[in-house]
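*Asks:* Questions regarding the structure given below will be posed in turn.
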Amino acid sequence: MYSKKLQVKNIELSTRVVLGPMAGITTLAYREFMKPFGVGLSFSEMISDCGIDYNNQRTYEYLATSNKDHPVGLQLFGFKKENTVNAISIIERKADYDILDINLGCPVTKVVKTGAGSAWLKDLDRLKEYMQAVCASSSKPVSAKIRLGWDEENINVFQVSKLLEEAGVSFLTVHCRTRSQGYSGEADYDAIAGLKETLSIPLCVSGDIFSLDKAKEALAKTKADCVMVARGAVGNPFLITQIAHYLETGESLPDPSVVQQAEWAKEFANMLIDLKGEFTAIKELRGIIPKFFSGFPGYKKVRNEIAMNTYSKERLFAVLEGVQKRERC
50 MYSKKLQVKN IELSTRVVLG PMAGITTLAY REFMKPFGVG LSFSEMISDC
100 GIDYNNQRTY EYLATSNKDH PVGLQLFGFK KENTVNAISI IERKADYDIL
150 DINLGCPVTK VVKTGAGSAW LKDLDRLKEY MQAVCASSSK PVSAKIRLGW
200 DEENINVFQV SKLLEEAGVS FLTVHCRTRS QGYSGEADYD AIAGLKETLS
250 IPLCVSGDIF SLDKAKEALA KTKADCVMVA RGAVGNPFLI TQIAHYLETG
300 ESLPDPSVVQ QAEWAKEFAN MLIDLKGEFT AIKELRGIIP KFFSGFPGYK
350 KVRNEIAMNT YSKERLFAVL EGVQKRERC
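Read in order, the letters of the sequence shown correspond to residues 50 to 378 in our numbering.
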């Protein structure tokens, strides 16, 4: 068990469970919804440094945080140090956040082809210069998220991790896949066994954390300081609670009921609607709310109804309340 609180420089995390950044998911509403489940640190969606540099108002929306959101990291991605350094100076004036995170692991082609995300893992000389400039220009602690390497023939996670620590990074997350894997196959926790012993900064393990057992396996194999949960918590917020509670007490909590899942789904829907308005929020909720009922036998029809035929808050809540009524009968 982990008895001591984890520190990232002067920032104390209440638990050792980190909410991973996800494009289109980790909005302010989602982070606020997830925080009470036991999130020790959360990250924003990816934010383009060029979008900040070019004064794109839609990009600025990603900078929103709140009192409920802390501690929170804003995640930037970029390919040129001048752009990133300039973006940092802007967000330090405009945003209230605790950690600056640099995405060095995104495998998506449209990001990689610009030289950002996982592309950095192929150019270590330039990466060190880039990250030194980032760390020097940030008044906040800097974290980074990486992968094992570009592909199976170019796994350089140990080298990159040490480089980042030497550049000034204060917190490191490793997603245990290569860029070429994307999100396919299985995360290879064994690939970073021993990495923790080479670093003096906190190490966070990421990849395939869809259950408490997977979190336990990842931490046991890597000896990481904390675990990052991303896709595994979408529609399953109580997973965060289960992991955090286990790491503190050694006890395993039972899974929630369908009725409870529907109640949490309504809570999150209200928060996203308040943030984005009903029209935009409902479009996004059609892709998220069905996940609250994944793994429950007999709920395929409900998931399809929400995904395909829900165009208003009224209709969404009618379906969710129908679920609760059915289960209580």
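Heads up, the beta-carbon is just placed ideally off N, CA and C, and yes, glycines get one too. Every value quoted in this text rests on a predicted model; they were computed, and no experiment measured them.
Can I139 and I101 be called in contact, C-beta distance under 7 angstroms?
*Replies:* Cβ atoms of I139 and I101: closer than 7 angstroms.
*Asks:* With DSSP as the reference, please indicate the residues paired to I96 in a beta bridge.
*Replies:* Its beta-bridge partners are L125.
*Asks:* In whole angstroms, what is the alpha-carbon distance linking T298 and E178?
*Replies:* So the two alpha carbons sit approximately 42 angstroms from each other.
*Asks:* DSSP three-state call for M83: helix, strand or coil?
*Replies:* Helix.
*Asks:* So, does the region 220-239 touch the region 144-157, judging by three or more C-beta pairs under 8 angstroms?
*Replies:* Touching, yes.
*Asks:* Which residue marks the beginning of the alpha helix (DSSP H) containing E22, and which one marks its end?
*Replies:* Residue 22 cannot be examined here, being either before or after the span of the chain that is shown, 50 to 378.
*Asks:* Just list the residues that DSSP pairs M277 with in beta bridges.
*Replies:* For M277, which the question treats as bridged, DSSP gives the partners V67 and S255.
*Asks:* To the nearest angstrom, report how far apart A193 and E214 are at their CA atoms.
*Replies:* For A193 and E214, the distance between alpha carbons rounds to 10 angstroms.
*Asks:* Starting from S187, follow the beta strand (DSSP E) in both directions and report where the run begins and ends.
*Replies:* Careful: S187 lies outside any beta strand (DSSP E) and carries neither H nor E.
*Asks:* Using a Cβ-Cβ cutoff of less than 7 angstroms, which residues in the same chain neighbour V308 once the five nearest sequence positions on both sides are dropped?
*Replies:* Q373, E376 and R377.
*Asks:* Going by the CB atoms, is the gap between S91 and L123 shorter than 7 angstroms?
*Replies:* Going by C-beta atoms, L123 is not nearer than 7 angstroms to S91.
*Asks:* In the structure shown, what three-state DSSP assignment does K374 receive?
*Replies:* Correct three-state label for K374: helix.
*Asks:* What does the alpha-carbon distance come out to for the pair I148 and N285?
*Replies:* Approximately 26 angstroms, taken between the alpha carbons.
*Asks:* Touch check for the region 239-258 and the region 266-285: three-plus C-beta pairs under 8 angstroms?
*Replies:* Contact holds: three or more Cβ-Cβ distances are below 8 angstroms.
*Asks:* Pull the bridge partners of Q310 from the DSSP assignment, please.
*Replies:* Beta-bridge pairing links Q310 to no other residue.
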